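Residue numbers (the working numbering), protein chains in the order written: chain A, 120 to 691; chain B, 120 to 691. Glycine is no exception: its CB is placed at the ideal position from the N, C-alpha and C atoms. All of these numbers come straight from a predicted model, not from anything done at the bench.
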């Protein structure tokens, strides 16, 4: 069965790198081998591939996923974890760095052990042949390696290293360009963003214009815009690295500002006319136009094909165009934004579903308050009201109401050819948004790891720093290991997207895994802070509430698992 | 080896109930048997007992826990989970109720499977004899039962029942008194507290006096105060049931108001003089005196024996007493409180550690603001400033500074005999607080389950209520099952404490498990809400941030696991 799977490509990268490995890399390869990392990853891969094959049969090539949702969700998650173990193993094989090799081994052991238990306990659900299991994860050799690789002493060793380095980002990436971009973004984020992040969060403020201007000058709004349209054309990996660093300082007031232009850019590049690209991409890339994405509706979240906001054909003062009417929800930054990418129903026949939808670039005036109203000379109106959220503050997220709001025909992405293609364009945009969210999640988790490592080094209880205790070291070791895996999975997805912009599986896997890691790492960090972890004065408390939005937006977790990842893995 | 363990007592309760079982109960017993619940629980018990025996050897009877922290933490957690499975199995054996029997089976299967994997993967850490494992959880029969008992179809069936009943509390308890107390508390909480809970949270307000007065009239501040001292003398089980219902409406503005008088009451009952009991218990029970507990200091959290706040002997205007100087942190309700239970060092010799500490009843004026200062005529002063927190709002938690604040000698609990006994009294009070926290956690999780079940029944996506989807049902089924186990473990701990007030292991296990369940259930509920789960307008978002304080206060999770539970299980 020849199916194009995300991790197949990741595995290819692993193999290519191994082939091209330097002496240095081979030295570490030996270290990794000593920990049986590769054996564990390969056994996990063989087992999950067999399980997926069984799942394809069971779900009739993905068509019957809804009759096997629990089964499909487990497969999607386990496959994602194995892909993360592979990505981290590939990274370890490449680096002459014992701490990374230790993390790769520990994570491979944990994932192999978890998959082993899942298969054993839900065997019937997986429909996996006993002989296949016996020959892969069921082997005694694997069982021993699972124990050895994730031995608590190894995790404590990793944790001790985290304490020594105060959790510094170990996410080495290839290429001077990416490293330079990281350094510059880190400097900006720590100097300009971090000092105001707490204030913005606690007072639910809007990100100040000075930050937007500075980010515009650094070119951050045009990372994925080709140079011919005024952007940096730096590609996805560099974009992710910058996103991570910005998110380490603040999720909503920095890291997430890039999400919106990224989504619009990808949709325009895929479906826009040449004139539209020339009109919109340069000012977006320059940060002259702030962007909002308007898809979700109060009654329509995951089921994007059911969007009801209407666009009726007409003309205003001689200009042909569309009148928008209806409600939208969760439109982040819609107040300050100068343009919204908005999905609306251009064909009133509801039975057309996704095929009746088109994507618009909707100009508007910028507003800074929690509520705004915009009236057009012709009578059209757009009203916005921010919905309060526990975190992810700095951009405000609005419920919008449109009442015959006019948009010229040339603002329908793809113009006449774009009618009915809005859903596909939006999905393309979402894939970019999901990749970028993987980077955001790694940034938030990184911030939590650093602040916790520092706190554990300084806070004394029972006569010594709490970092001296075995359980603290073990916990920090696991946090760092999972974060390293999330980061390498996200980088692998970025590289895959750099090679092929049309993919959606890899970014979704990165989003799924990295967001869960961010939720877990921030909460572990909070617990290690004791009571002060629940004080707004300590940044860890903000990281926790911020992280909780990550598995929700850009495709809420269960839907991402079933409708994107499981469908991608089991389909065709 | 004859060691007095919490779950031994729980197991005794199971056996007693089984002996006294009615025909009805025997009917359900048969249902439970069909699911192999008892076999799974018994195999888990045998395995964990063997692991604990190995752990005792390894840690030299608990003395070397710090050299085996990861090992000890795993043992403590696994033993707690097995105790929860036993408590739920006992409950199922008692009830003629198929849904409860299904939950008991599913939970027993999950815990047995988890313990099986833990032992297999960390065998060396457990030091468990292979023969013992082979004869317990390692048996093929158990492996099959683990798969069958937690089959996803069973969990979906439980979830369908949750949807049908909108998650209504299924926590049947014996005794008309407890049932009546529950009904009355539920009525009060839903009518008086629930409508103002969101406002208090979002504006960080202080709980209104009207709620305090109403709770006082209902006798809720004197649940554990004996009738001879003006209380209800209702015992711990009834107190827990009431706490649950109050916490379902609001954690901080209702459920947690009881914690403070509970802690002071237990300390006074154990260590107070007769005069002190007569002085303080009646007004506390009547709700005339609000209570704050002041133990933690800015630099001293888990290591209570290191408390530095000083009490120096002296006299003011002819009255012999103590002058308090130093800082305290996280004193919840300290502004509004009329008295603080305060732990201070009466012997300046720091080498005495816990033996130099005494517990005081410290009178003060009530204040309602975020900051207050109280000056005594003799020059003593107490200053308080509230620390902002993301949730758990309604009482404010203060950092306090004392500057030669005078307290009469008769306010030292136990007077002359109480000097140096403050640590032990405080620990007794904490045990009561932990039990009560188990109830608080169950209440928050219950609220999340109910609101999520209602939302899932009403919210439509893809043309039908999201509750129709298998994955939603499965998730609700697991949420309800874990909550049922947490509830029964907490009830078992309350019954154990009713029988013997000096215990500390059972309340700590209930606190550990129930708080983790509350964190997990609220977050699962949030994800099932999609975007609206992150809106402050929907109560689930408040339950999530509130739940996060639960594993932190009253003994932060890792310390509770190591210093209380592991020590209790491995010691002696």
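Exercise. If you compare alpha carbons, which of 545/B, 508/B, 510/B, 629/B is closest to residue 554/B?
Worked result: For the set 545/B, 508/B, 510/B, 629/B, the Cα lying nearest the Cα of residue 554/B is the one of 629/B.
Problem set entry | Buried or exposed by the 16-neighbour rule on C-beta atoms within 10 Å, applied to residue 693/B | One cannot answer for residue 693/B here, as it falls past the ends of chain B, which runs 120 to 691.
Problem set entry | Counted within 10 angstroms of its Cβ, other Cβ atoms place residue 484/B as buried (16 or more) or exposed | Around the beta carbon of residue 484/B, a 10 Å sphere encloses fewer than 16 other beta carbons of the protein chains shown; the residue is thus reported as exposed.
For this session: Identify the contact partners of residue 593/B in chain A, using a Cβ-Cβ distance below 7 Å as the criterion.
Result: Under the 7 Å cutoff, chain A gives 189.
Problem set entry | Chain-ordered neighbours of residue 242/A on chain B, where CB pairs are closer than 7 Å | What residue 242/A touches in chain B: 266.
Problem set entry | Other residues of its chain near residue 144/A: CB distance less than 6 Å, five sequence neighbours each side excluded | Any answer about residue 144/A is weak, because its pLDDT of 46 lies below 50 and its placement is not dependable; what the coordinates show is given next. Answer for residue 144/A: 213, listed in chain order.
Exercise. For residue 315/B, does the three-state DSSP call read helix, strand or coil?
Worked result: In the structure shown, residue 315/B sits in a helix (DSSP, three-state: H, G or I).
Problem set entry | Members of the segment 632-650 of chain B that neighbour chain A once the beta carbon cut-off is set at 8 Å | Residues passing the 8 Å Cβ filter: 638, 642, 645, 646, 647, 649, 650.
For this session: Identify whether residue 196/A lies in helix, strand or coil by the three-state DSSP scheme.
Result: Helix, per DSSP.
For this session: Could you name the residues that DSSP lists as bridge partners for residue 502/B?
Result: Note: residue 502/B sits in a beta bridge opposite 492/B, 520/B.
Problem set entry | Alpha carbon of residue 452/A to alpha carbon of residue 297/B, nearest angstrom | If I take the Cα positions, the gap works out to 51 Å.
Exercise. Whose C-beta lies closer than 8 Å to the C-beta of residue 383/B among residues of the same chain, with five residues either side of it excluded?
Worked result: Excluding the 5 residues flanking it on each side, residue 383/B has same chain C-beta neighbours closer than 8 Å at 399, 403, 410, 412, 458, 460, 480, 548, in chain order.
Problem set entry | Cα-Cα separation between residue 491/B and residue 323/B, rounded to whole angstroms | Each residue's Cα considered, the two are about 16 Å apart.
Exercise. Going straight from the alpha carbon of residue 539/B to that of residue 565/B, what length do you get?
Worked result: Each residue's alpha carbon lies about 41 Å from the other.
Problem set entry | Own chain, CB closer than 6 Å to residue 286/A, minus 5 neighbours either side, in chain order | When the five nearest sequence neighbours on each side are left out, the beta carbons in the same chain lying within less than 6 Å of the beta carbon of residue 286/A are those of 568, 569, 572, in order along the chain.
Exercise. According to the neighbour-count rule (16 or more other Cβ atoms, all chains shown, within 10 Å of its Cβ), is residue 693/A buried or exposed?
Worked result: With chain A represented from 120 up to 691, any question about residue 693/A goes unanswered, as that position is not in the structure.
Exercise. Should residue 577/A be labelled buried (16 or more other beta-carbon atoms within 10 Å of its own) or exposed?
Worked result: By the 10 Å Cβ count, residue 577/A comes out exposed.
Exercise. Cα separation between residue 159/B and residue 510/A?
Worked result: Note on geometry: alpha-carbon atoms of residue 159/B and residue 510/A lie some 42 Å from one another.
For this session: From the DSSP output, in three-state form, read off residue 564/A for me.
Result: Three-state DSSP puts residue 564/A in a helix.
Exercise. For the segment 654-673 of chain B, which residues have a CB atom closer than 9 Å to at least one CB atom of chain A, in sequence order?
Worked result: Of all residues in the segment 654-673 of chain B, 654, 655, 656, 660, 661, 663, 664, 667, 668, 670, 671, 672 have a Cβ within less than 9 Å of some Cβ in chain A.
Problem set entry | Simplified DSSP assignment, three categories, for residue 673/B | Under the three-state reduction of DSSP, residue 673/B is assigned to coil, being neither helix nor strand.
Exercise. For residue 155/B and chain A, any beta-carbon pair shorter than 8 Å?
Worked result: Not an interface residue.
Exercise. Taking only beta-carbon atoms, is residue 566/A less than 8 Å away from chain B?
Worked result: Residue-level contact check: residue 566/A does not touch chain B, since none of the beta carbons of chain B fall below 8 Å from its beta carbon.
Problem set entry | Contacting residues, own chain, Cβ-Cβ under 7 Å from residue 466/A (five flanking each side not counted) | Only 475, 539 meet the Cβ criterion.
Problem set entry | Residues near residue 637/A by beta carbon distance below 7 Å, same chain, minus five either side | These residues qualify, in order along the chain: 560, 563, 564, 666, 669.
For this session: Out of 235/A, 179/A, 276/A, 261/A, point me to the one whose CA is closest to residue 597/A's CA.
Result: Looking at the Cα atoms, 276/A is the closest of the given residues.
Problem set entry | Interface partners of residue 675/B on chain D, CB under 8 Å | Here the protein chains are A and B, and chain D is not one of them.
Problem set entry | For residue 602/A, the nearest candidate out of 557/A, 585/A, 627/A, 246/A (CA to CA) | The option with the nearest alpha carbon to residue 602/A is 557/A.
Exercise. From residue 217/B to residue 229/B, what distance separates their C-alpha atoms?
Worked result: Looking at the two C-alpha atoms, the distance is approximately 18 Å.
For this session: Indicate whether at least one CB of chain A lies closer than 8 Å to the CB of residue 279/B.
Result: It does not: the Cβ of residue 279/B has no partner Cβ on chain A nearer than 8 Å.
Exercise. So, residue 605/B versus residue 194/B, is the Cβ gap smaller than 8 Å?
Worked result: Note that the C-beta distance between residue 605/B and residue 194/B is not below 8 Å.
Exercise. Out of curiosity, what's the CA-to-CA distance linking residue 335/A and residue 486/A?
Worked result: Distance between the alpha carbons of residue 335/A and residue 486/A is about 19 Å.
For this session: Let me know if residue 310/A comes out buried or exposed under the rule of 16 or more other beta-carbons within 10 Å of its beta-carbon.
Result: Label assigned to residue 310/A: exposed.
For this session: Compute the beta-carbon to beta-carbon distance between residue 649/A and residue 659/A, rounded to the nearest angstrom, for a pair I have assumed lies under 8 Å.
Result: 11 Å between Cβ atoms; not a contact.
Exercise. What is the C-beta distance between residue 675/A and residue 542/A, in whole angstroms, given that I count them as a contact (C-beta under 8 Å)?
Worked result: Contact doesn't hold; Cβ gap of about 18 Å is too wide.
Problem set entry | Inter-residue CB distance, residue 396/A and residue 348/A (contact presumed, cutoff 8 Å) | Confirmed, about 6 Å.
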